[in-house]
Amino acid sequence: MLLPESLSRRSLISGTASTGFAASAAMLLGTGSIPADAVSVKNTTVLSGYPFTMGVASGDPLPNSVVLWTRLAPEPLAADGRGGMPQEPVKVRWQVAEDPLFRKVVKSGTVTATPNFGHSVHPEVWGLRPGRDYWYRFMAAGEVSQTGHTRTAPAYGSSLSTMSFAFASCALYSHGFYTAYQHLADEDVDVVFHLGDYLYESGVTPENNWRRTTVDPSLSGETLDLARYRQQYGLYKSDPDLMAAHQSHAFVVAPDDHEVENNWADEIPEERSQSQGELWMPRRTAAFQAYYEHLPFRASALPDGPDMQIYRNLRYGDLVDFNVLDTRQYRDDQAYGDGSDPASRELTPDIYEPSRSMMGFEQERWLQRNWRQSSARWQVLANQAPMAETDLDDTEAKTLYMDPWDGYIANRNRLLEGARTSGIENLVVITGDRHHNYASNLLADYDDPESAVVGSEFVGTSISSGGDGADMTTGGETLLRANDHLKFFNSQRGYVRVKVTPDELSTDFRVVPYVERRGAPISTRATYVVENGRPGVQLDTQNAPVGTKYAAVDMPTLNR
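Oh and the sequence shown: position 154 is 1321 in the working numbering, straight run, nothing missing.
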């Protein structure tokens, strides 16, 4: 991305995300005042304050299109969920330009923000050029939003020498500051994947607020209805570091569980849920509506009651096909009470049962069809829970979690066998959920010690969930001993940065040393590489930071 010398990415973000007033936006325009044409939409609505308190965002980039997002909410923490907005529609103008000063506006339009969807807007912008940087902004009620940056995907089938992306997950507000998002805003990547737990349904109390900042007492309770979900998003999305990350990059998002409730499965809530029986589906309906209202989704994802179309495919030239999975809406209930259990075909036969699925059989067919039709060099699955086996027992026995893919072994085996029969040589799974960094080999059959390596998985740690974390834990040492296919473990906070070329996929685990106070620096803890045509992860020792000690077991290393 090319910015004028006087306007770096850092200055662009710090000049917008840290302020909440139109004057700051005007300063960004370099004019000292808001241009008349920027607010020419006639609107008599008078708001109680600056409406763009949650920032702006873009997402799901195509070669000729992106979707933009904002929500008008001068009072984002209002207990009634209305964000301080009147119960009437408001006209919102948007602009897309080829430069951050909006000297060359190439697309513009007007959309209506309605109370039914929390005064959120999701304009889909078409007719853009492939592989281009664009800047965008919104105007409403005489105010100008922060400026966002986005990037379209390259032309379908175009020959790419490189592309880059990042992925993140698990941002529990009360467990620490979003410093990793701040650093993510500074990365030069084509797109960001958010792999779940964008927010948590749990309330913020003085006891669990590790930020030790003042939070409105109305946010202490469990999130159960639409007003409360909107209020929870108001808290999370008002964070300046999260706003900065969205302003800098197009996001592709998919939920895990906490956007609704911990460990939910289709029409079945968690056993300890406050929303049992007839209360569950209305809660899921409210959660999905709020999720849509606060993120850059296209119209194809507009919820239909408790249902939302989340799984989708994005293509980056001839280099990478991304398939974004949904592992919550269609899954069978977790086996054996949804915990961790000693596991074998004799002890836990249900997890091997072919009739059970984590994705649902329609989504399984969709994925296999995409693979058969794809000619891209790399196939990347954007996934919510670890796919590689995670044995918790370092003896000859196995103990497995029932919520991730270990509880749906037949589905995992079908997926991996389908990749093989489709001729997929370069399968890479990117994953959230675990609050740890992993680099793992994917095996055709984890019950067979001689099983072939058929793919690679990179699990990214949390943005803040779990607090400061540590480089190594006793649990991590156990995992490395118990799982030969697990090649790297780290339990600090951060995100993952990936560079893809025709020859290799290189993954940097980016970590911060603390999140329970502000200002942590970012560093690359480890780099792992997958070579074209050679499934499995390899430690990149040549590009390792000086003095780095890797938490890894016996494994091949890559020296280029």
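Glycine residues also receive a C-beta, built at the ideal position from the N, C-alpha and C atoms.
By the Cβ neighbour-count rule, R1395 is buried, with 16 or more other Cβ atoms within 10 Å of its own. The stretch 1325 to 1404 is shown to contain whole beta strand (DSSP E) runs of 3 or more residues at 1330 to 1335, 1358 to 1361, in chain order. In this model, I1630 and Y1403 are separated by some 12 Å (Cα to Cα).
One Cα belongs to V1382, the other to G1324, and the distance between them is close to 49 Å. The C-alpha of V1491 is placed about 17 Å away from the C-alpha of S1524. When only Cα atoms are considered, A1606 and K1274 end up about 42 Å apart. When the alpha-carbon of G1686 is set against those of G1309, T1346, E1265, the nearest one is in T1346. Collapsing the DSSP output to three states places F1269 in coil. Separation of L1647 and E1437 (C-alpha to C-alpha, rounded to the nearest whole angstrom) is 30 Å.
With 16 or more other Cβ atoms from the protein chains shown falling within 10 Å of its own Cβ, T1598 counts as buried. Taking a contact as a CB-CB distance under 8 Å, the pair V1257 and A1308 counts as one, their CB atoms being some 7 Å apart.
Residue nearest to D1300 within the set F1676, A1320, Q1313 is A1320 (criterion: CA-CA distance). By the C-beta criterion, the stretch 1540 to 1558 is judged to be in contact with the stretch 1601 to 1618, since at least 3 inter-stretch pairs fall below 8 Å. In terms of Cβ geometry, V1358 and P1449 do not form a close pair [threshold 8 Å]. Selection T1237, R1451, E1374, D1485 evaluated against P1669 yields D1485 as nearest (Cα-Cα).
Beta-bridge pairing by DSSP links E1624 to V1596, S1607. Counting only runs of 3 or more residues that sit fully inside the stretch 1678 to 1705, the beta strand (DSSP E) segments are 1690 to 1698, in chain order. P1473 sits away from L1594, with the two beta carbons spaced by 8 Å or more.
If you compare the alpha carbons of R1677, R1512, R1684, V1356 with that of V1667, the shortest gap goes to V1356.
In this structure A1466 is not in contact with Q1476, their Cβ atoms being roughly 10 Å apart against a cut-off of 8 Å.
Bounds of any alpha helix (DSSP H) do not take in P1509; it lies within the beta strand (DSSP E) bounded by 1507 to 1509.
Under a 10 Å Cβ-count criterion, T1380 is classified as exposed, with fewer than 16 other Cβ atoms of the shown protein chains found around its own Cβ. DSSP links K1666 through a beta bridge to S1331, S1673. Between L1386 and G1370, the C-beta spacing is below 8 Å.
In the displayed model, N1231 falls within coil according to three-state DSSP, outside both helix and strand. If you draw a straight line from the Cα of V1682 to the Cα of E1513, it comes to about 44 Å. Three or more Cβ pairs closer than 8 Å define a contact, and the stretch 1213 to 1232 falls short of that threshold against the stretch 1437 to 1446.
Comparing alpha-carbon positions, the option among R1378, Q1313, E1354 lying closest to F1219 turns out to be Q1313.
Beta-carbon to beta-carbon, Y1695 and F1655 are separated by about 6 Å, close enough to satisfy the 8 Å threshold. Beta-bridge pairing by DSSP links Y1568 to S1507. In the structure shown, W1538 falls within a helical segment according to DSSP collapsed to helix, strand and coil. Contact check for Q1254 and G1315: beta-carbon distance about 28 Å, past the 8 Å limit, so the pair fails to qualify. Judged by beta-carbon spacing, S1618 lies beyond the 8 Å limit of L1339, meaning their Cβ atoms are not closer than that value. Excluding sequence positions up to five before and after I1689, its CB lies within less than 6 Å of the CB of H1350, R1677, V1679, all in the same chain and listed in chain order. Around the CB of N1480, fewer than 16 other CB atoms lie within 10 Å, so the residue is classed as exposed.
With a cutoff of 8 Å on beta-carbon distance, G1298 and R1238 are scored as not near each other.
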